[in-house]
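Take a look at the structure set out below.
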Ligand SMILES: C[S@@+](CC[C@H](N)C(=O)[O-])C[C@H]1O[C@@H](n2cnc3c(N)ncnc32)[C@H](O)[C@@H]1O
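Numbering (this note's numbering), first residue to last: 2 to 282.
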């Protein structure tokens, strides 16, 4: 299934007039955001770690020429960009193509090898389970999935070392824990929180004054990282007991959630939040 971009109208609205500006699309996916930025007259540098999107990216290069550049890397590589840019946009998580293709192993709805990698390198979920201790696995289930009794479940998983999605699913005795366990493993396999933290840490130095960073998140863990990072950037600097503080380097844009119409048309938008900031100094 082709990915339907989430909160795209809100993101475009937050970015304002982008004609002639340079936008980094950190999560190319099916290219819905990149295409909209290009159609609005922007130049786009796009990242994606999933080699399956390269054909779509190449088609966009053929269509838009040197206004579009694709970098097949994780987005923490934005630290290597050699120019300042006008906006950096993240539409986090996985795409419909990733979750809906059985062989990728992301979904407990299809039987497939327990893979869950967004890119072709690194450890699969099955290999990660094999490598971790019971305690480390329990920590991951608790931290990234909020799974209660994570220790008991981690022990059951380590005892069986599931190799397929259905083998894992069948070990999870509480049906309410199935989606959280799959989410937790996916986050760990792809180091999603580490990637986000590393990328956000270089955003201030990459943006021009007046530049914006906009993030669309899909669960509370990534939303918390974005919210806390933006709060730190928008807090005046200096000792709060002193009468004069240095102005904050960034200002918050209004946070947004999907409209009722978007929610009716795209169930993936359900948990989406958009947060943004503009660089002031
Ligand atoms: C929600 S989809 C983006 C959809 C896109 N905005 C569109 O309109 O089609 C997320 C994409 O980001 C990619 N991705 C997730 N984390 C990444 C990371 N750390 N580095 C690079 N790409 C990443 C995934 O491979 C996936 O293709």
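Virtual Cβ for every residue (Gly too), placed ideally from N, Cα, C. Computed from a predicted model, the values in this text were never measured in an experiment.
For the pair residue 124 and residue 190, the Cα-to-Cα distance works out to about 7 Å. As DSSP reads the structure, residue 58 sits in no beta bridge. When the five nearest sequence neighbours on each side are left out, the beta carbons in the same chain lying within less than 6 Å of the beta carbon of residue 267 are those of 5, in order along the chain.
Here residue 106 is buried. Its C-beta has 16 or more other C-beta atoms within 10 Å. Comparing C-alpha distances from residue 175 to each of 236, 45 and 151 shows the shortest one belongs to 151. By the neighbour-count definition (other C-beta atoms within 10 Å, threshold 16), residue 94 is a buried residue. Taking 3 residues as the minimum length, the region 95–131 contains no beta strand (DSSP E) run wholly inside it. Residue 31 has its CB nearer than 7 Å to a heavy atom of ligand 1. Here residue 245 carries a coil assignment [DSSP, helix/strand/coil]. Buried is the label assigned to residue 15, since at least 16 other Cβ atoms lie within 10 Å of its Cβ.
Listed as beta-bridge partners of residue 45 by DSSP are 24 and 69.
For residue 239, the secondary structure class from DSSP, reduced to helix, strand or coil, is coil. With a threshold of 16 other beta carbon atoms within 10 Å, residue 139 meets it and is buried.
Counting every other CB atom within 10 Å of its CB across the protein chains shown gives residue 146 a total of 16 or more, marking it as buried. The straight-line gap separating the alpha-carbon atoms of residue 263 and residue 73 is approximately 30 Å. Counted as a single uninterrupted DSSP element, the beta strand (DSSP E) harbouring residue 89 occupies residues 86–92. The straight-line gap separating the alpha-carbon atoms of residue 121 and residue 17 is approximately 36 Å. Two segments are said to touch when three or more pairs of C-beta atoms, one from each, lie closer than 8 Å; by this definition the region 272–280 touches the region 223–234. Between the beta-carbon of residue 50 and that of residue 119 there is about 5 Å, and that keeps the pair under the 8 Å contact cut. Here residue 215 is bridged, per DSSP, to 90 and 277.
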